[in-house]
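In our numbering, the protein residues as written are 1133 to 1448. Step one of this worksheet: look at the structure below.
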Ligand SMILES: [Zn+2]
């Protein structure tokens, strides 16, 4: 299949997954995703998938009920002695590759980035797949990791929201309700609800001009608000999956639906221009990479501080 056609089909399939999820649950990746915590990653290199590939691979996981979040190409799996079962259908992923072309004017060789579509298979589609028993990390321990992760970003967060959760661009601050305001449900504890919402607001926080500097007005015009909401929601979904935080539909469900559906909503954009999914997915993925980077920096500083303090207390 020509790459252009493959790209179009890839974008269309991702947009379809997202539109379907929003129409069913009001928000992306709310129910049906019963996999173990963790983002889709490559089964051979261990690298996390990014951008629209997260949506596509999650969509496949949900559709087939796979618990494993590990994928790899036929060739990669064969290289580690794993054979894809006969008749299994793969999932499409897209990534940037570079094509060497000759500059018509200067004759110099230059590298042009282009989107390449290829196919990967879930580990559960291989012969002799044995589920890996993942050690259970207690909720309290996981939530302590989330708390530390959020603190490491340095975002200013105060619990003065009077029952509301919001990001205020003018003061670049996040405002949350008191801890007593979070309610539990059958599947979600109050603390998970708190962090799922905090991640949503942190998603908005990453868009500030001093951080990811998201400019959505040029491409999305009057739908910029709905687009920003979808990016914050997607950021929350991927960050929650990273730590195994359960998400559920919240009371703002109706507000989200209003901004995503209807003639001026984002869903119309995705139906008519499925390629719009690519910048949206990239923005949500870049936001997670950004907060991951802040965490790595904070951890490194902490290590250096401990090393220096250790040296200072040594009597040489
Ligand atoms: Zn929001």
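Note that CB positions come from ideal geometry on N, CA and C, so glycine has one too.
Look at the alpha carbon of residue i and the alpha carbon of residue j, and state the distance between them as a whole number of angstroms.
| i | j | result |
| --- | --- | --- |
| residue 1357 | residue 1229 | 32 Å |
| residue 1166 | residue 1197 | Model confidence at residue 1166 stands at a pLDDT of 49, short of 50, so the residue's coordinates are unreliable and nothing is read from them. |
| residue 1148 | residue 1343 | 30 Å |
| residue 1296 | residue 1393 | 23 Å |
| residue 1174 | residue 1276 | 27 Å |
| residue 1338 | residue 1150 | 22 Å |
| residue 1227 | residue 1188 | 13 Å |
| residue 1303 | residue 1141 | 42 Å |
| residue 1370 | residue 1307 | 21 Å |
| residue 1294 | residue 1330 | 15 Å |
| residue 1389 | residue 1403 | 16 Å |
In this structure, does DSSP put residue i in helix, strand or coil?
| i | result |
| --- | --- |
| residue 1336 | helix |
| residue 1245 | strand |
| residue 1226 | strand |
| residue 1251 | strand |
| residue 1174 | strand |
| residue 1342 | coil |
| residue 1216 | strand |
| residue 1278 | helix |
| residue 1299 | strand |
| residue 1289 | strand |
| residue 1315 | coil |
| residue 1265 | coil |
| residue 1431 | helix |
At a cut-off of 7 Å, is residue i close to ligand 1 when judged by its beta-carbon and the heavy atoms of the ligand?
| i | result |
| --- | --- |
| residue 1332 | yes |
| residue 1371 | no |
| residue 1307 | no |
| residue 1336 | yes |
| residue 1416 | no |
| residue 1328 | no |
| residue 1364 | yes |
| residue 1141 | no |
| residue 1279 | no |
| residue 1434 | no |
| residue 1361 | yes |
How would you call residue i, buried or exposed, if buried means at least 16 neighbouring beta carbons within 10 angstroms?
| i | result |
| --- | --- |
| residue 1346 | buried |
| residue 1224 | buried |
| residue 1180 | buried |
| residue 1264 | exposed |
| residue 1192 | buried |
| residue 1333 | buried |
| residue 1421 | exposed |
| residue 1282 | buried |
| residue 1218 | exposed |
| residue 1154 | buried |
| residue 1136 | exposed |
| residue 1259 | exposed |
| residue 1396 | exposed |
| residue 1232 | exposed |
My assumption, with CB atoms under 8 Å, is that residue i sits in contact with residue j. Please give the rounded CB distance.
| i | j | result |
| --- | --- | --- |
| residue 1186 | residue 1413 | 7 Å |
| residue 1320 | residue 1378 | 5 Å |
| residue 1305 | residue 1285 | Rounded, the Cβ-Cβ distance is 13 Å, inconsistent with contact. |
| residue 1351 | residue 1411 | 6 Å |
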